[in-house]
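Enquirer: FYI, the numbering for the sequence shown is 2 to 212, going by the working numbering. Here you go, one structure.
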Amino acid sequence: MAHVTPPPPEDLPSLRRLRRGAIVVVLGAIALAITVVLPAERGVDITGIGRLIGLTDMGIIKQEILVEMVAESTFLADSRRADSITAAEEAAALQAVAQGVTPPRTDTTLVRIQPGEQRSIRLRMQAKAWTVYSWSTDRGVVDDDIRGDSVNARAGSYYRYHSGTGRPSASGALVARFNGLHGWYWSNTTDSVVSVTLVTRGDYAEIVIPR
2 MAHVTPPPPE DLPSLRRLRR GAIVVVLGAI ALAITVVLPA ERGVDITGIG
52 RLIGLTDMGI IKQEILVEMV AESTFLADSR RADSITAAEE AAALQAVAQG
102 VTPPRTDTTL VRIQPGEQRS IRLRMQAKAW TVYSWSTDRG VVDDDIRGDS
152 VNARAGSYYR YHSGTGRPSA SGALVARFNG LHGWYWSNTT DSVVSVTLVT
202 RGDYAEIVIP R
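Pasting the structure below:
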């Protein structure tokens, strides 16, 4: 076995130096948490550094996603009701759409969205009802969601069918998974007013445009 000679006592750090080093490490960790971790994870920017290096926006987006995930999970917990449809029933409705079944009604609806504003157009539909849709902007792009709000769900909870980011248009088919309001939410992240025109063809009772 090799013989290890310990260093002389005078070469070892003093207790004072060890304490000072520990304090420096702790202060560095606190500074890192305030300037990097909080902005990036929570969207909380105490010093303003996080916004300068682009971390605060990331944290805000993470918090928004977390809130939406909680809302969706809350809705799913509430939505196990008699009016919820099965995957087979949804597939049958989409097959009817593909076969070109004539829809009961057709509408064209327009909303104007101010910079930084969110607007929506929703359809009052029964479970298994369907609609074919297309929408487009007159300029620029918008972020969009398709959501369903059940009559019986708790406030703030909803079901998300689809979402998109930075798009000038979209089209597709929507099958209502439950009785309630189902529709489109657009967020204008540009500096100009954007008009969105939505064309719907399907089986719905009413068009609802919140003011």
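Positions of the beta carbon are idealized from the N, C-alpha and C atoms, including for glycine.
1) Would you mind stating whether TYR134 and SER164 have Cβ atoms separated by less than 8 Å?
2) Taking PRO169 as the reference, which of TYR159, ASP145, ALA177 has the closest Cα?
3) Can you say whether SER151 is buried or exposed, counting buried as having 16 or more other CB atoms within 10 angstroms of its CB?
4) Residue range of the beta strand (DSSP E) that VAL112 falls in?
5) Once DSSP output is grouped into helix, strand and coil, what is the label at THR191?
6) Report the three-state DSSP secondary structure of GLY165 (helix, strand or coil).
7) Check for me: the beta strand (DSSP E) holding ALA174 runs from which residue to which?
8) By the 10 Å Cβ neighbour count, where 16 or more other Cβ atoms means buried, how is THR36 classified, buried or exposed?
9) In this structure, what does DSSP give as the bridge partners for ARG125?
10) So, at 6 Å on beta carbons, what are the nonlocal neighbours of ARG81 in its own chain, with the 5 sequence-adjacent residues on each side left out?
11) Report the rounded CA-to-CA distance for LEU111 versus VAL27, giving the unit in angstroms.
12) Taking THR109 and VAL200 to be in contact with their CB atoms under 8 Å, please state how far apart those CB atoms are, rounded to whole angstroms.
13) Would you check if the distance between the CB atom of PHE179 and the CB atom of GLY149 is smaller than 8 Å?
14) Return yes when the Cβ of ARG123 is within less than 8 Å of the Cβ of HIS183, no when it is not.
15) Could you check how far apart the C-beta atoms of TYR205 and ARG125 are, in whole angstroms? I think they sit under 8 Å.
Expert: According to the structure data:
1) no
2) ASP145
3) buried
4) 106-114
5) coil
6) strand
7) 170-176
8) buried
9) LEU182, GLU207
10) Low per-residue confidence applies at ARG81: pLDDT is 45, beneath 50, and the placement is therefore not dependable enough to give any value.
11) 56 Å
12) 5 Å
13) yes
14) yes
15) 6 Å
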